[in-house]
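Residue numbers (my numbering), protein chains in the order written: chain A, 608 to 839; chain B, 608 to 839. A virtual CB, placed ideally from N, CA and C, is assigned to each residue, including glycine.
There are 2 protein chains.
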Amino acid sequence: MKIDVCYTPDLIHQFDIKDKTVVVIDILRATSSMVAGLGSGIQSITPVATIEECEALGRQGYVMAGERSGEKVAQFEMGNSPFDYMNPALKGRKVATTTTNGTQAIELSKGAKEVIIGAFLNLNPVVNHLMKSNNDVLLFCAGWKGRYNLEDTLFAGAVCNALKQNAEFESDSALCAFFLYQSMATDLAYYINRSNHAARLSKFNLREDIEYCAKLNEFNVVPKLIGSELIV
Amino acid sequence: MKIDVCYTPDLIHQFDIKDKTVVVIDILRATSSMVAGLGSGIQSITPVATIEECEALGRQGYVMAGERSGEKVAQFEMGNSPFDYMNPALKGRKVATTTTNGTQAIELSKGAKEVIIGAFLNLNPVVNHLMKSNNDVLLFCAGWKGRYNLEDTLFAGAVCNALKQNAEFESDSALCAFFLYQSMATDLAYYINRSNHAARLSKFNLREDIEYCAKLNEFNVVPKLIGSELIV
Numbered sequence: 608m609k610i611d612v613c614y615t616p617d618l619i620h621q622f623d624i625k626d627k628t629v630v631v632i633d634i635l636r637a638t639s640s641m642v643a644g645l646g647s648g649i650q651s652i653t654p655v656a657t658i659e660e661c662e663a664l665g666r667q668g669y670v671m672a673g674e675r676s677g678e679k680v681a682q683f684e685m686g687n688s689p690f691d692y693m694n695p696a697l698k699g700r701k702v703a704t705t706t707t708n709g710t711q712a713i714e715l716s717k718g719a720k721e722v723i724i725g726a727f728l729n730l731n732p733v734v735n736h737l738m739k740s741n742n743d744v745l746l747f748c749a750g751w752k753g754r755y756n757l758e759d760t761l762f763a764g765a766v767c768n769a770l771k772q773n774a775e776f777e778s779d780s781a782l783c784a785f786f787l788y789q790s791m792a793t794d795l796a797y798y799i800n801r802s803n804h805a806a807r808l809s810k811f812n813l814r815e816d817i818e819y820c821a822k823l824n825e826f827n828v829v830p831k832l833i834g835s836e837l838i839v
Numbered sequence: 608m609k610i611d612v613c614y615t616p617d618l619i620h621q622f623d624i625k626d627k628t629v630v631v632i633d634i635l636r637a638t639s640s641m642v643a644g645l646g647s648g649i650q651s652i653t654p655v656a657t658i659e660e661c662e663a664l665g666r667q668g669y670v671m672a673g674e675r676s677g678e679k680v681a682q683f684e685m686g687n688s689p690f691d692y693m694n695p696a697l698k699g700r701k702v703a704t705t706t707t708n709g710t711q712a713i714e715l716s717k718g719a720k721e722v723i724i725g726a727f728l729n730l731n732p733v734v735n736h737l738m739k740s741n742n743d744v745l746l747f748c749a750g751w752k753g754r755y756n757l758e759d760t761l762f763a764g765a766v767c768n769a770l771k772q773n774a775e776f777e778s779d780s781a782l783c784a785f786f787l788y789q790s791m792a793t794d795l796a797y798y799i800n801r802s803n804h805a806a807r808l809s810k811f812n813l814r815e816d817i818e819y820c821a822k823l824n825e826f827n828v829v830p831k832l833i834g835s836e837l838i839v
């Protein structure tokens, strides 16, 4: 089993995903929120690229969720906070969501053998799933508008660390994500708080979102893309 | 003064280089060899993109140097080893060179306010130059065929570390290069030897090249691109 890391959507052309399990990672906050929502009873989440697509699903009864550049889209019922997604009123509902980075990365992952959703909130379930399926893995960091970011790389490194006895690191991207995680593992929240994206979000008073997204294994779910829907 | 890191040529479109000093980094081995050669008395090095351009300069009296995928180009006088470049017979000569990654990154840097060449072999001179010029800096890793690599990122991290009191890290790329360097600084050669590119080169018995390229401050030179030539 081989494991590799793509640091940003701008590098995805370097990888052949068709026989791989792709783990999409957008720690702040899209994939964390997806895990929290599907772990709290949301029936399905449909990621879409544009606000207009989201609105079209809204007219079919979906709850509309999403942000642009960190801020809730004004006319939507909810933004991109994991706390929004854990609202008990959403149990059994279908949600449509569009975000700056995470939903774009999911779109680019279509064509892979399997697409799943990873976050610190479901680290161990993701690792167990990857070990069981024994497929080659690409950890795909959503980044920030095509740019590298710390928190997604750190999660990729956490998966590499957990799989180091079982998987061969295919490139220096995997090796360095692993080393970075090893140097930061003692205090993930501290390092994530030092990231550029955390600084951006703190302007919107989202400090508690950031703290929550650094928590480990709050949910025992592995969201999987089936057609255009994420389900567990 | 701001400092940022571009991890691979495939991400250079994300950076506005026109008012910046760009430091081109290809530790294994192009920029290490350039520093060794210009530090040993070569008059100038002209990086070119293709074998044909190199041959054209060869017909004008330039020494032809270069590699493709790590191997010397058969009809050239020298490959891409720092030891080739330190040959005393090259004193006062002009060299034309083409390599897989480094010369391509130099080409992509044209248009910057200033382009200089960095390697562990001239780390302190590069840092001193950057401090004195007080210009915004982009550390540009040549990578491997567009992909991220460990050794170039590690050098970028070493520069970030040296400038951390003087410069603001512009992005997580700079921050993570810095953290990676801090976790590996105690034994650079060991970590560089674990890189993918070191594994590729060791197939060609280039172990002593790799060891040499991990040495610090062997040469007190800062090669600079003037027109199409690197000089000191």
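Subject >> Among A:635, A:716, A:822, nearest to residue 813 (chain A) - alpha-carbon criterion >> reply: A:635
Original post:
By how many angstroms is the C-alpha of residue 653 (chain A) removed from the C-alpha of residue 589 (chain B)?
Top reply: In the structure as shown, chain B begins at 608 and stops at 839. Residue 589 (chain B) is therefore absent and cannot be evaluated.
Subject >> Expected contact under 8 Å - CB spacing of residue 781 (chain B) and residue 611 (chain B) to nearest Å >> reply: 5 Å
**OP:** Please go through the same chain and pick out, in chain order, the residues whose beta-carbon is closer than 8 Å to the beta-carbon of residue 803 (chain A), but skip the five residues on each side of it.
**Re:** 751, 756, 757
Subject >> Alpha carbon of residue 702 (chain A) to alpha carbon of residue 651 (chain A), nearest angstrom >> reply: 6 Å
**OP:** Just confirm the distance between the C-beta atoms of residue 642 (chain B) and residue 828 (chain B), as a whole number of angstroms; I'd bet it's less than 8 Å.
**Re:** 6 Å
**OP:** Return helix, strand or coil for residue 698 (chain A), following the three-state DSSP convention.
**Re:** coil
Original post:
Are any of the Cβ atoms in chain A nearer than 8 Å to that of residue 780 (chain B)?
Top reply: yes
Subject >> Option in B:673, B:689, B:690, B:688 with minimal Cα separation from residue 682 (chain B) >> reply: B:673
Original post:
In chain order, what residues of the same chain have a beta carbon less than 6 Å from the beta carbon of residue 692 (chain A), not counting five sequence neighbours either side?
Top reply: 640, 643, 644
Subject >> Neighbour-count burial assignment, residue 805 (chain A), 16 or more Cβ in a 10 Å radius >> reply: buried
Original post:
What are the residues of the region 760 to 790 of chain B that lie near chain A, defined by any Cβ-Cβ distance shorter than 8 Å?
Top reply: 760, 778, 779, 780, 782, 783, 786, 787, 789, 790
Original post:
How would you write the range of the beta strand (DSSP E) that residue 654 (chain B) sits in, first residue to last?
Top reply: 651 to 654
Subject >> Beta-carbon gap between residue 616 (chain B) and residue 723 (chain B) smaller than 8 Å >> reply: no
**OP:** Counting only runs of 4+ residues fully inside the region 703 to 790 of chain B, write out the alpha helix (DSSP H) ranges in chain order.
**Re:** 709 to 716, 730 to 740, 757 to 770
**OP:** Determine the contact status of residue 747 (chain A) and residue 768 (chain A), defining contact as a CB-CB distance below 8 Å.
**Re:** no
Subject >> Closest Cα partner of residue 710 (chain B) within the set B:700, B:676, B:810 >> reply: B:676
Subject >> Identity of the residues DSSP links to residue 657 (chain A) by a beta bridge >> reply: According to DSSP, residue 657 (chain A) bridges with nothing at all.
Subject >> Residue from A:716, A:686, A:694, A:717 whose Cα sits closest to the Cα of residue 705 (chain A) >> reply: A:686
Original post:
residue 802 (chain A) touches chain B at which residues, Cβ-Cβ below 7 Å?
Top reply: 779
Subject >> Distance between residue 668 (chain A) and residue 778 (chain A) (C-alpha atoms, nearest Å) >> reply: 44 Å
Original post:
Rounded to the nearest angstrom, how far is the Cβ of residue 728 (chain A) from that of residue 826 (chain A), given a contact under 8 Å?
Top reply: 5 Å
Original post:
What separation, rounded to the nearest whole angstrom, lies between the Cα atoms of residue 745 (chain A) and residue 621 (chain A)?
Top reply: 11 Å
Original post:
What residues in its chain sit with their C-beta under 6 Å from that of residue 823 (chain A), if we drop five residues either side in the sequence?
Top reply: 727, 730
**OP:** Classify residue 684 (chain A) as helix, strand or coil using the three-state DSSP reduction.
**Re:** coil
Original post:
On the three-state DSSP scale, how would you describe residue 619 (chain B)?
Top reply: helix
Original post:
Who pairs with residue 628 (chain A) in a beta bridge, going by DSSP?
Top reply: A:721, A:744
Original post:
Which stretch, first to last residue, makes up the alpha helix (DSSP H) that contains residue 794 (chain A)?
Top reply: That residue, residue 794 (chain A), is in no alpha helix (DSSP H); it is neither H nor E in DSSP.
Original post:
With distances taken from CA atoms, which of A:657, A:817, A:697 is nearest residue 688 (chain A)?
Top reply: A:817
**OP:** On the DSSP bridge assignment, give the partners of residue 613 (chain B) in chain order.
**Re:** B:747
Subject >> Amino acids of chain B, ordered along the chain, whose beta-carbon sits closer than 7 Å to that of residue 753 (chain A) >> reply: 621
**OP:** Pull up the distance between the alpha-carbon of residue 790 (chain B) and that of residue 790 (chain A), whole angstroms please.
**Re:** 6 Å
Original post:
When Cβ atoms are compared, which residues of the region 701 to 714 of chain B fall closer than 7 Å to chain A?
Top reply: none
Original post:
Which one of A:794, A:633, A:749, A:734 has the shortest CA to CA distance from residue 772 (chain A)?
Top reply: A:734
Original post:
Are any of the Cβ atoms in chain A nearer than 8 Å to that of residue 633 (chain B)?
Top reply: no
**OP:** Locate the beta strand (DSSP E) running through residue 672 (chain B), then write down its first and last residues.
**Re:** 670 to 675
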